[in-house]
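Asker: Residue numbers (the working numbering): 5 to 596. Even for Gly, the Cβ is constructed at its ideal location relative to N, Cα and C. Given the structure is predicted, the values throughout are model-derived calculations rather than measurements.
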Amino acid sequence: MPPILQRLAKLRLALPRLGLQHRYRLYSCQGGGSNPSNAPSTGEIICSLSDVTKVLPGGRVLLKDTRLSFFRGAKIGVLGVNGSGKSSLLKIISGVDQEHHGVVWRKPDVKFMYLAQEPQLDPALDVKGNVRLGIAEQEALVQKFDEIAMKMGETDADLDKLLEEQAELQGRIEALDCWNVEHRVDTVMKALHLPPPDASIISLSGGERRRVALCRMLLEQPDVLLLDEPTNHLDADSVAWLERFLQEYRGTVIAVTHDRYFLDNIARWVLEVDRGSLLPFQGNYTQWLEHKAARLDLERGKEAAQARALQAELEWIRLRSKQASKARVKAVEVRRIEQQGLADKIHQLETGKIVIPPGPRLGDRVMTVENLSKRVSSKVLFDNVSFDLEAGAIVGVIGANGCGKSTLFNVLCGRAEPDAGSVQIGSTVSLGLVSQVRDQELDDRKSVYEEVAQSEDVIVLEGRTVHTRAYLAAFNLKGSMQEKLVGSLSGGERNRVHLAKVMKRRHNLLFLDEPSNDLDVQTLRALEEALREFPGCSVVISHDRWFLDRVCTHTLAFEGAGSVKMFAGNYTEYVAHRAQRGRKKGQEEEAT
Numbered sequence: 005m006p007p008i009l010q011r012l013a014k015l016r017l018a019l020p021r022l023g024l025q026h027r028y029r030l031y032s033c034q035g036g037g038s039n040p041s042n043a044p045s046t047g048e049i050i051c052s053l054s055d056v057t058k059v060l061p062g063g064r065v066l067l068k069d070t071r072l073s074f075f076r077g078a079k080i081g082v083l084g085v086n087g088s089g090k091s092s093l094l095k096i097i098s099g100v101d102q103e104h105h106g107v108v109w110r111k112p113d114v115k116f117m118y119l120a121q122e123p124q125l126d127p128a129l130d131v132k133g134n135v136r137l138g139i140a141e142q143e144a145l146v147q148k149f150d151e152i153a154m155k156m157g158e159t160d161a162d163l164d165k166l167l168e169e170q171a172e173l174q175g176r177i178e179a180l181d182c183w184n185v186e187h188r189v190d191t192v193m194k195a196l197h198l199p200p201p202d203a204s205i206i207s208l209s210g211g212e213r214r215r216v217a218l219c220r221m222l223l224e225q226p227d228v229l230l231l232d233e234p235t236n237h238l239d240a241d242s243v244a245w246l247e248r249f250l251q252e253y254r255g256t257v258i259a260v261t262h263d264r265y266f267l268d269n270i271a272r273w274v275l276e277v278d279r280g281s282l283l284p285f286q287g288n289y290t291q292w293l294e295h296k297a298a299r300l301d302l303e304r305g306k307e308a309a310q311a312r313a314l315q316a317e318l319e320w321i322r323l324r325s326k327q328a329s330k331a332r333v334k335a336v337e338v339r340r341i342e343q344q345g346l347a348d349k350i351h352q353l354e355t356g357k358i359v360i361p362p363g364p365r366l367g368d369r370v371m372t373v374e375n376l377s378k379r380v381s382s383k384v385l386f387d388n389v390s391f392d393l394e395a396g397a398i399v400g401v402i403g404a405n406g407c408g409k410s411t412l413f414n415v416l417c418g419r420a421e422p423d424a425g426s427v428q429i430g431s432t433v434s435l436g437l438v439s440q441v442r443d444q445e446l447d448d449r450k451s452v453y454e455e456v457a458q459s460e461d462v463i464v465l466e467g468r469t470v471h472t473r474a475y476l477a478a479f480n481l482k483g484s485m486q487e488k489l490v491g492s493l494s495g496g497e498r499n500r501v502h503l504a505k506v507m508k509r510r511h512n513l514l515f516l517d518e519p520s521n522d523l524d525v526q527t528l529r530a531l532e533e534a535l536r537e538f539p540g541c542s543v544v545i546s547h548d549r550w551f552l553d554r555v556c557t558h559t560l561a562f563e564g565a566g567s568v569k570m571f572a573g574n575y576t577e578y579v580a581h582r583a584q585r586g587r588k589k590g591q592e593e594e595a596t
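#1: Between His262, Gln170, Ser54, Met221, which has its C-alpha nearest Tyr253's C-alpha?
#2: Which residues in the same chain as Asp392 place their Cβ atom closer than 6 angstroms to its Cβ, once the five residues preceding and following it in sequence are excluded?
#3: Which first and last residues belong to the alpha helix (DSSP H) in which Tyr265 is found?
#4: Ser52: beta carbon under 8 angstroms from a heavy atom of the ligand MG?
#5: With distances taken from CA atoms, which of Arg500, Val359, Ser377, Asp368 is nearest Gly467?
#6: Would Glu497 pass as a contact of Leu481 if the rule is Cβ separation under 9 angstroms?
#7: What ranges does the beta strand (DSSP E) occupy inside the region 467-505, keeping only unbroken runs of at least 3 residues that lie completely in it?
#8: Count the other C-beta atoms from every protein chain shown that fall within 10 angstroms of the C-beta of Ala316, then say buried if there are 16 or more, exposed otherwise.
#9: With 16 other CB atoms within 10 Å as the buried threshold, where does Pro519 fall?
#10: What is the DSSP secondary structure of Asn134, reduced to helix, strand or coil?
#11: Skipping 5 residues on each side, what residues in its chain have a beta carbon closer than 8 angstroms to that of Leu523?
#12: Are Leu60 and Ala217 close, meaning C-beta to C-beta below 9 angstroms?
#13: May I have the straight-line CA-CA distance separating Asp130 from Gly430, to the nearest angstrom?
#14: Output the distance between the C-alpha atoms of Leu167 and Ala140, rounded to the nearest integer angstrom.
#15: Do Ser542 and Leu513 have their CB atoms nearer than 9 angstroms?
#16: State whether the region 471-488 contacts the region 184-193, with contact taken as three or more CB pairs (one from each stretch) at a distance under 8 angstroms.
#17: Is the separation between the beta-carbon of Leu412 and that of Val277 shorter than 9 angstroms?
#18: Answer yes or no: do Leu376 and Val415 have a C-beta to C-beta separation smaller than 9 angstroms?
#19: Taking buried to mean at least 16 other C-beta atoms within 10 Å of its own C-beta, is Ile402 buried or exposed?
#20: Can you give me the C-alpha to C-alpha distance between His187 and Leu223, rounded to a whole angstrom?
#21: For Ala271 and Asp239, what's the separation of their Cα atoms in angstroms?
#22: In angstroms with no decimal places, state the Cα-to-Cα distance between Gly345 and Ala313.
#23: Buried or exposed: which applies to Cys556, given that a residue is buried once 16 or more other Cβ atoms fall within 10 Å of its Cβ?
#24: Report the rounded CA-to-CA distance for His511 versus Ala580, giving the unit in angstroms.
#25: Report back the beta-carbon spacing between Val257 and Ile80 to the nearest angstrom; my notes put them in contact at under 8 angstroms.
#26: Under a three-way DSSP split, which group does Leu376 fall into?
#27: Quick check on this structure: which residue in Gly363, Gly418, Val384 has the alpha carbon closest to the alpha carbon of Val433?
#28: Identify whether Val146 lies in helix, strand or coil by the three-state DSSP scheme.
#29: Below 8 angstroms on the Cβ atoms is my contact criterion, and I expect Gly361 with Ile463 to pass it. Report the Cβ-Cβ distance as a whole number of Å.
#30: Should Thr596 go down as buried or exposed, given a rule of 16 or more other Cβ atoms within 10 Å for buried?
#31: Between the alpha carbons of Pro76 and Glu48, how many angstroms are there, rounded?
#32: Check each candidate in Gln251, Gly280, Arg279, Arg322 and name the one with the smallest Cα separation from Leu293.
#33: Please name the residue in Lys409, Gly396, Pro127 whose C-alpha comes closest to that of Val389.
#34: Could you tell me the distance, in whole angstroms, from the CA atom of Ala474 to the CA atom of Lys508?
#35: Looking only at its chain, what residues have a beta carbon closer than 6 angstroms to the beta carbon of His237, apart from the 5 residues adjacent to it on each side?
#36: Applying the criterion that 16 or more other CB atoms from any shown protein chain within 10 Å of the CB defines a buried residue, is Gly590 buried or exposed?
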């Protein structure tokens, strides 16, 4: 064997096969589970906040004298009410926000990446072009590796130096899995259900842009992922894939999210942003909930109502755990049991309880759908769909992004015509719709208070006359927020205004399209309780599995190829039922 080949062979044997798992050292965040984030800790600090204070231009303090360190490999979920400073915290850690007091130290060799709620993309590139920006560094490494290999064939090459450079490069390439980069691009794009690769960025919706930005970031593989509401605009399949990805991810993950199943499955620490302070807790969301409820039980005044709401959620978790190994319990039964534990109804709206003003009493018929069909161009959205809505039902509508859920809502609400079939609505029904297209439903020239009050300063809730300002406070629209112009609000704030406006109108049949997007956990919990106590009927599109499990009595599922099925039960029960159907079908096919 020629000397050059002998040296190359020796080098190959000496190099370990470095997978992605070797790139990161881990920090153990205890909290159960068998995923890699429970590996032994190195205790390596990668970022520290020292006496960090963030004050808004109006003088409101978001963070005050914050001192906190973050370790490599930690999985952290960030909680707090809307406006408490969660997004500002991520921006400060990433270095995007420099307008603060105090010192932020970042380890020099650590790469931080921040997923904003409104990410910036290159409009000159298409979807795949923007995604491929995330692998630019990896492609450059492979190109340099190939260039070194070419230089080795030159007569005057310094082989020792070139072999040393190539060995270092190969370690980095294999750590980043650069050899399989094209396969990873296709896998992540498919998992996140991205738009067509050649689609223009300018034509994308806000949710599609976020998915493109998230895909690019995951492919880039930074040391620290700073994710602001990463599950927004992801369907259930994509969220489940993202959970698995982050469980195996060897970097640090700090995520602001309202998705409580996501927090339970990913977080080993919960960081609560509360009135300017950062309160770390070691454990996942359920464990934090136990801790938080116990702490609030010791406090008085306004937080007493919040403590009882937390306790109700804990009771649901315990009930769900007990029933997991027993016969399936209908979601409507869970609803009844929990309501018994809430006999002492809370009337202090300023503490965060949402009350939906009831409309007229529903008659025998709410809505009957018969043989409904709709297609867009050559794509069949739903075909020959039939079901009845029952009084008191809470129906969760699930399916992949773009499958036709919002179109179905528009047909059911009379905003679009079906290709075939009929929708019959009962004579006593008053229908209200909260759509995802907020811009068409709100007047940007009005203040928040004017938009919701509609010249009515008071509203009757649960037999009491309540000022509209108190009603708004339950949606976390308090104080000076009520005087802001609607046109100046963020997406999450507009969502809450729209919810408050529609629910105030005393409808008895509510259609809610992604109501949980951009809501903090506390407001989302209050919305869940409001829907459970609402005497009318509700139909809700959502990808939030915790939300669907807590409130839904029925599930309307888009199963693909135009098939839409109504199932009596919540999200988890439906998933188990569909899996059982699949197994039975497989057995029948084997038998034949």
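Answerer: Result, derived from the coordinates:
#1: For the residues His262, Gln170, Ser54, Met221, the minimum Cα distance to Tyr253 belongs to Met221.
#2: These residues qualify, in order along the chain: Thr372.
#3: Start and end: 264-270.
#4: Summarising the ligand content, the structure contains no ligands, and the ligand MG is consequently not present.
#5: Comparing Cα-Cα distances from Gly467 to each of Arg500, Val359, Ser377, Asp368, the minimum goes to Val359.
#6: Going by C-beta atoms, Glu497 is nearer than 9 angstroms to Leu481.
#7: With a minimum length of 3 residues, the continuous beta strand (DSSP E) runs that stay inside the region 467-505 are 468-471.
#8: The residue is buried, with at least 16 neighbouring Cβ atoms inside 10 Å.
#9: It is buried - the Cβ of Pro519 has at least 16 other Cβ atoms within 10 Å.
#10: In this structure, Asn134 counts as helix in the three-state DSSP scheme.
#11: Excluding positions up to five away in sequence, the list reads Asn86, His262, Gly496, Asn499, Arg500, Leu531.
#12: Taking 9 angstroms as the cut-off, the beta carbon of Leu60 is found no closer than this to the beta carbon of Ala217.
#13: If you take the alpha carbons of Asp130 and Gly430, they lie about 47 angstroms apart.
#14: Approximately 24 angstroms, taken between the alpha carbons.
#15: With contacts defined as CB atoms closer than 9 angstroms, Ser542 and Leu513 qualify as a contacting pair.
#16: Judged by Cβ distances under 8 angstroms, the region 471-488 makes no contact with the region 184-193, as fewer than three pairs qualify.
#17: Taking 9 angstroms as the Cβ cut-off, Leu412 and Val277 do not qualify as a contacting pair.
#18: A Cβ-Cβ contact shorter than 9 angstroms links Leu376 with Val415.
#19: With 16 or more other Cβ atoms within 10 Å, it is buried.
#20: C-alpha separation (whole angstroms): 11 angstroms.
#21: Their backbone Cα atoms lie some 20 angstroms apart in a straight line.
#22: For Gly345, the predicted structure reports a pLDDT of 35, less than 50, and the residue's modelled location is therefore unreliable. The matter cannot be settled from this model.
#23: Cys556 comes out buried.
#24: Using only the alpha carbons, I get a separation of about 33 angstroms.
#25: Confirmed, Cβ separation roughly 7 angstroms.
#26: Leu376 falls in the strand class under three-state DSSP.
#27: Nearest C-alpha to Val433: Gly363.
#28: Helix.
#29: Strictly speaking, residue 361 in this sequence is Pro, with Gly absent from that position. So it is a contact: roughly 6 angstroms between Cβ atoms.
#30: Counting Cβ neighbours within 10 Å, Thr596 comes out exposed, since fewer than 16 surround it.
#31: The displayed chain sequence assigns Arg, not Pro, to residue 76. Arg76 and Glu48: Cα-Cα distance of roughly 6 angstroms.
#32: Among Gln251, Gly280, Arg279, Arg322, the Cα nearest to that of Leu293 is on Arg322.
#33: Nearest C-alpha to Val389: Lys409.
#34: The alpha-carbon atoms of Ala474 and Lys508 are separated by roughly 12 angstroms.
#35: Correct list, in chain order: Gly211, Arg214.
#36: Note on Gly590: under 16 other CB atoms within 10 angstroms of its CB, so exposed under the neighbour-count rule.
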